[in-house]
Structures are given as structure tokens and as C-alpha cells.
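One structure is given below, encoded as C-alpha cells.
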């Protein structure tokens, strides 16, 4: 066996759009040998997903190869006809995807989906499709291989009955069904919780060792790349700007972009470099309590009568001017808590006291007026803005609803707000799709501060953004707080981000607070087992941990 | 699944009571004195009063309502003034013809509409897509009575391939009634020639009735298929090496069928209503024709009866759609 397993040479790809072709991939050169683990790191829009999908012949519609080619195991697969792909796709090269929630068909059982893949492979290989029971046995074996408990029961379950981590394992099992040479992993951990991320990465690592897999993993999370890949390529605007051993790139990045990317990664083991927001003179008296929750509880009842306690008797108090962190995994109740604080969800019991006034009993007009003082910023700026309204409409909306300002005044205020969030005034005429993710999140923040609120509740405000953009938005949020005297409740599953900006933090698990205190104390000497586990798994994917580990251990 | 089905049936009963109440209210707000209407223009005040007592119209509205609902529960829909026979009996006599027409039209709509929608989506923006889109727009746009007459003129009068109207020729003895559906009964009776004749009779009205329905099924299915084919799990299925035909015909279709099903349920009710028009054009002896002739002779009990029956079938159809939803989508079963 000579030559590389996968060889991409001078590969160039255009996507035809309404305004002419866009050069999505520019002169890509990449070789992967058998047994390699290659990471491709880059931001959204860098072309990394298009590149790996081209390797599988499932590139976007309207795309056109304009130069170079891809060779797999000595065979040119650049312009392979669809019928020849059936012998490669899923069998010799297979793929796992970013979001296990959406990559499984919701209407078919797990077993059906995997055994269909097995049947398709048998058909492609030319020998007839085996018996249902044989395929079932093979499916259960695969499920067992990826560490899923009770495969026999799982076989007849539907995707919605599984957690995110389990679904990702199912997808991995599916990808392994053809005993592939190459496994392509497209952001396999991005949509998962921290502890689950670590488990999935461990699984991939163990499979590499056990099955002698060749892995190409793409991610914007350089920490995840570092745990898997020995070699690494950095993509930026359709080009590979740097490639080499992962350890070398991490310790001595050469390209300007790589340096910026690495600098933007928040590190779980670095204490916050918090902007010294409040000058010492301005803090003579102890700041008062702005928001207080007393025994807040939310119980959901399903129609079958069973009860789910989403938030269980939580009490907390947020001081004026503070950044109050809420950390926990999905399902811990942190979003429910945040929405209850604003009474977007009605609590089952408990009180919410804002600025000395109990708002849990408010209704109608008084509640509406109270909302001026507390605003919400959502996780995903792409879906939080209405695509049919201009930016000016979006920011002006709360002003039109809550104030009696004239149109001219609103116009002026919108421009002033754009100025505050450091965007050009002309943006008010634009539509959301013309803006980048970071810009959209700034617009959402501008909309939230339009009425001069005192409290902002930020629900995972950066988790839908690229890492370098995340850093900018976090910096900006800290400046804004100092400028406008804001108090934040900051919700995140990302511990490094929490450590970077929060003064005090609560750790939530299954609707309860398991630990709370000063953020630094929490990180330096966590008391509760769960906090320790969270920090440990966060550290696993953190860059620092990989660098600190002695090479070759 | 069983509790789900049980809940659906309960809802069905509730909605039925609602419809009954609504028709009662409508007949009572409608202007005119029914007693006077029944008595005729030359009746004396005494005669009107007698009729009023006889029909229970002298009682208060709530009392009338109780009597009305009681009659409904016992299956008494009143009497037709023209034929002086119980409305229920007449409705039951005419309903099978309408149902047969609607079933055939619906089958046509599904069998043609769903695959055409799929083809259109798979070859989006290609020639096939353009042709089906023109086809579907004309389906929604063509008025039924005009389309029906054009078909009659072309296929019955000019070409002579198919009969102009009716359900069976007068000379043909209908097969023994089992279901009331001629296509089924003739097969039960083993009379293939009768089956063939009734099929020839039903083709044109079924096409007219199904065309708008077919068009909307096609459009919904096309739009859904396009959406589903772009979804992540379809990309994943391709990446795992599943054949394209299987992806479209099994994986994507099942997901796209959900909204299409909702459309089918709605269109079923719409069709029952439309039979009034189509049955008139084709002289089809169903409840639509019955309702029209009754309304023309100011005979309102049959009209109310037909309304109730159409409402009933509509609700049953939508309950079946809901059950089919749950059968297809496991997420609804556990909800």
C-alpha cells in the first residue's frame, strides 16, 4: 500500500449564486494517510464543511469544481457518477454530523435507520441483503460498540426518546456500520453539553485506537480538535492558511489568523481579566440588591399526569451592577429560571422581587411597564430577529410599544443606539440576513437596551457565535455595563466564558442550585462533586490542558 | 396510542354537539315564520297556530332546543315537507352516492397529487416542475361547473366515450345493496359489467370534484418535499450511502406527508360541500342534489339534515387524519 489514502490537490470549488460565482474553496492541498487523525479548524463560512462534504460527493447544489481534484485510495473521485458513489459513501468514507438532534429522521426507529444503512451497504457490495434478524444483531452490536446501554431496547426507540449524547453515539454507530476507512466528523461536539462533549471525544479516540480509523474532524473549537487530531489544518476564507502538527500550531502559530483565533479562545484556567469597570471612588456605599428570587419553583405537568420539576425552590439575589452567572447543562433549568425572572414563564410558586417590589403578582399594564426595566437577550441572534423587518424597525420596536416618542425621536434614538453598539448608523436600513452573527447579536443587545433598562438577562448570548466573535461580544458587554450602569444575569454552559466575566455564579443541576459563590472561588476550590466534574470536563477540551500534557503521553 | 384515540373520539362527540347547536341557532335566527311557511299562503291564523303547536314551535327556545337535541340523539331529523318522509331515511338513501363520489375523487387526488408533488420537488425548477405547477394552478383556478360542462361536451357529447350524467343507466338493474357504493356492491354481486358501467359514470364527476383537491395536495406535498429534502437527516442518509430513490420515496415522503395529511382532511370537508355543485352538473343522485332540490322548494328540514351529515363526515375524516398523524409521528403518541 503506497501513497496517501486521501489526496486533495489544488482543489478549487465555486458556488453559483444570483450575483455570479463565489469562490468557496481556493486551491486546497491536503493529504491524509491511513491511520492519520487530521483536524480542520476554522470559523463558520471558512469553507470547511463544503470541503469535507465534497470528499463524500454531497457538496451543495450549484457547486462546481473549477480546478484540481480529489483522489481516494488511488481512485479519482472528483467527478464520480452517482452510481459509483454507492460503493464509497457510508462504506469506505463515512461521516458524523454536528447536531445529533436534526441528523436523525424523527419518524423512524433507531434500529430501522441503522439496519437500512446496513442493507444499503450490502446491496452496494453486490451480495444480497441479509435477513432482518441478522441485520438486527449487527445493529445491536454496533450500538454496543459505541457504548450505548441496552441496545435491544434502543433498537425500537425513536430519536426523540434519546438524549443529545446518545443520539450522537447512534450517529457514530451508523457511520461505523460499513467499517469505513475514513471517518469524517463535522463539528461532532458543538451541540453537546460539556460533560457529554468529553465523553464523545473519548469515544472517538478509543475507536481510532481499536479500529485503526482514519479521522478527519472539523470544528471551530480548537480544544476539541486538539484532543483528537495529531495533525491540524487551519482554514480561513476558503484557503488553508496553515497546516502541521497540532501541538506545533498551538504552541507556535505562524499565520496571523491562527494567532488571532488562539488568542480569542477563553481559557478555563485563566482568571478573569475583568475590565475594572467601577472606579474605586464610585463605590462608597455597598450596592443594593436589584433582583431577588425567593423559593422560585416551576413544575410542568404532562397530560399523562406525571410531573417534571424544572426549577425547584431556587432563591438568589443579584446586586446592582453585578454580573451574575448561571451555569449548568441543558435540562438543568437555567433557561426556565431566566424566563421566570422576567415572568415570560409563570412560576408555579415563589416570589420575584425587583428593586424592592414584588412583581410576581403583577399583571396587565403594571407588568408591561415593569418590563421596561428588565430585558432579555436570546441565544441565537439569527432567529431572534424578524427577517422581514429592517434593523431600524427591530431596534425601534420597544420604543414604539413602550413610549409615546414621535417617529423622529425614535429615528434619532435608533441611531444613537447603533452608535452605542458600535455599528454604523446606515445599518438601520439593512435587513438581518445582510449582517454577520456578531453584528446581529449587537443589534439584539441594542434592542434590549433601547428603553434604558437596569437589568439584562443574557441567555447564552455567545454560544451561537464563532470564537473570535464571542470574544468581541464579551468585551463589548463588559464595556456596555460600565457605560450604562447595567446589571447582568448571564447564563452559559461554557465555564471559560463564565469565569471570564461573572462576579458571582450559581451552578445548577436538575433544577436546583448545587453550589454558589464568587466565581473565582468556585473555580479554584469547587466544593460540590458536580461542579468539579463540570470543570474537569471543560478542562479536557481546553487548549491549556493539551499543551500542558507532555508530548507523547 | 389507545388513550390518544379515545381522547380524539371524545372530542368528536363534543364537536358534533357543537354543530348541532349551531344549526339550531342558525335556523332560529333566520327570518320568517316556519309555521306560516308550512301552512302556505292561504292559511288562516287558526291553521298556523295548530301547525305551530304540532311542530312544537310555541314552546320557548331552550325547550325547543332540548326537544331538538333529543330528536337528534334518537336519530329523528324531522320530516320532509315535499316527500313527507323522514329526513334521516332520505339522507341515508342518498349519502352512499355522495360518499362514493368523494372517495373516488379523493383517491384520485392522493394517487395523482402526491407522486406529482414528489416529482416536482425532486426536479425543482426543471421542465417537469414547470408543467406540474401550471397544472396545479389551473386546478385551483378553474370553476367546477364550467370545467364539468367542458368535460361533458368533450368526452360524452363529442367523443361519446363516457356517459353524460347519472350514476347508472335506467335500464341497468342496480346490484343488491350492501354498502350502497355501486363500485363495491357490483363486485360483491360478481357483476363486472355493472362495475364497469358505474366506473364510466363516476369518472367525469370525480375528476371535476378532485381537480382542485389534487392541485392543493400537489402543491403542499411539493413544498414540503422541497423543505424535507434539504433537511439534515436527508443529508445524513445520503452520506450513509442510502440510495437516492429510497431516500425520496421512503424517508423524505414520510416526513412530507404530515402537512399533506392535514390538507387531505380539510379538502375532504370541502369536497362534501362541493358535491352540491358537481352533483347538480352531473345529475348525480347524492345528498348534494337532494339538498339543492329541497332548498329550492323551501323544504328546510332536509337542508339541516344534510348539513349535519356533512358535518359529521367531515369531523370523522379529520379525526381519522389526527389518528394517522399519531400513527406516522411517534412524537405525537407520547405527547
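Residue numbers (this note's numbering), protein chains in the order written: chain A, 1 to 553; chain B, 1001 to 1335.
Beta carbons are placed, not taken as given, at the ideal position from N, Cα and C, and that holds for glycine.
Keep in mind it's a predicted model, so treat the numbers as computed, not measured.
- At a cut-off of 9 angstroms, the C-beta of residue 123 of chain A has a neighbouring C-beta in chain B.
- Residue 524 of chain A counts as exposed, since fewer than 16 other C-beta atoms from the protein chains shown sit within 10 angstroms of its C-beta.
- Interface with chain A (9 angstroms Cβ-Cβ cutoff): residue 1328 of chain B is included.
- Look at residue 488 of chain A here: in three-state DSSP terms it is strand.
- Straight across, the Cα-Cα distance linking residue 444 of chain A with residue 1009 of chain B is about 46 angstroms.
- Here residue 293 of chain A is bridged, per DSSP, to A/316 and A/352.
- Residue 1271 of chain B places its beta carbon less than 9 angstroms from that of residue 1106 of chain B.
- Ranking A/468, A/400 and A/373 by CA distance to the CA of residue 454 of chain A puts A/373 first.
- Residue range 63-72 is occupied by the beta strand (DSSP E) that includes residue 63 of chain A.
- Below the 7 angstroms Cβ cutoff, chain A contributes 105 as neighbours of residue 1251 of chain B, in chain order.
- Residues of the segment 114-147 of chain A with a C-beta atom less than 8 angstroms from some C-beta of chain B are 116, 117, 120, 121, 123 and 124, listed in chain order.
- Using a CB distance cut-off of 9 angstroms, residue 1331 of chain B counts as an interface residue toward chain A.
- Chain-order list of chain A residues neighbouring residue 1235 of chain B: 58, by C-beta distance under 7 angstroms.
- Setting aside the 5 residues that flank it on each side, residue 156 of chain A is surrounded in the same chain by 109 and 111, each with a C-beta closer than 7 angstroms to its C-beta; the list follows chain order.
- In summary, residue 1212 of chain B is buried, with 16 or more beta-carbon neighbours lying within 10 Å of its beta-carbon over all protein chains present.
- In chain A, no part has a C-beta under 9 angstroms from the C-beta of residue 1120 of chain B; the shortest such distance is about 16 angstroms.
- Linking residue 434 of chain A to residue 19 of chain A through their CA atoms gives a straight-line distance of about 14 angstroms.
- Residues of chain B with a Cβ closer than 7 angstroms to the Cβ of residue 99 of chain A are, in chain order, 1232.
- Within chain B, the residues whose beta carbon sits less than 8 angstroms from that of residue 158 of chain A are 1330 and 1331, listed in sequence order.
- For residue 10 of chain A, the enclosing beta strand (DSSP E) begins and ends at 6-17.
- Close partners of residue 449 of chain A in chain B (Cβ separation under 8 angstroms) are lacking, with about 35 angstroms as the shortest Cβ gap.
- Across the set A/464, A/504, A/47 and A/28, the C-alpha of A/464 shows the shortest separation from the C-alpha of residue 191 of chain A.
- For residue 49 of chain A and residue 458 of chain A, the gap between their C-alpha atoms comes out near 30 angstroms.
- For chain A, the residues of the segment 1251-1268 of chain B that bring a beta carbon within less than 7 angstroms of one of its beta carbons are 1251, 1254 and 1255, in chain order.
- Under the three-state reduction of DSSP, residue 507 of chain A is assigned to strand.
- Counting of Cβ neighbours within 10 angstroms places residue 173 of chain A among the buried residues, the total reaching 16 or more.
- Residues of the segment 87-98 of chain A whose Cβ lies closer than 7 angstroms to any Cβ of chain B, in chain order: 89, 90, 91, 94, 95 and 97.
- Residue environment for residue 485 of chain A: exposed (fewer than 16 other C-beta atoms within 10 angstroms of its C-beta).
- The beta carbon of residue 258 of chain A sits closer than 6 angstroms to the beta carbons of 234 and 242 from its chain, once the five residues preceding and following it are set aside; these are given in chain order.
- Neighbours of residue 178 of chain A in chain B, taken as residues whose beta carbon is under 9 angstroms from its own, are 1240 and 1241 in chain order.
- In this chain, the beta strand (DSSP E) harbouring residue 233 of chain A covers 231-236.
- Within a 10 Å sphere around the beta-carbon of residue 160 of chain A sit fewer than 16 other beta-carbons, which makes this residue exposed.
- No Cβ-Cβ contact shorter than 9 angstroms links residue 1164 of chain B with residue 1305 of chain B.
- Taking a 10 Å sphere around the C-beta of residue 35 of chain A, we find fewer than 16 other C-beta atoms and assign the residue as exposed.
- Residue 405 of chain A carries a coil assignment under DSSP once its states are collapsed to helix, strand and coil.
- Cβ contact annotation for residue 1023 of chain B (same chain, cutoff 7 angstroms, sequence separation greater than five): 1304, 1307 and 1308, in chain order.
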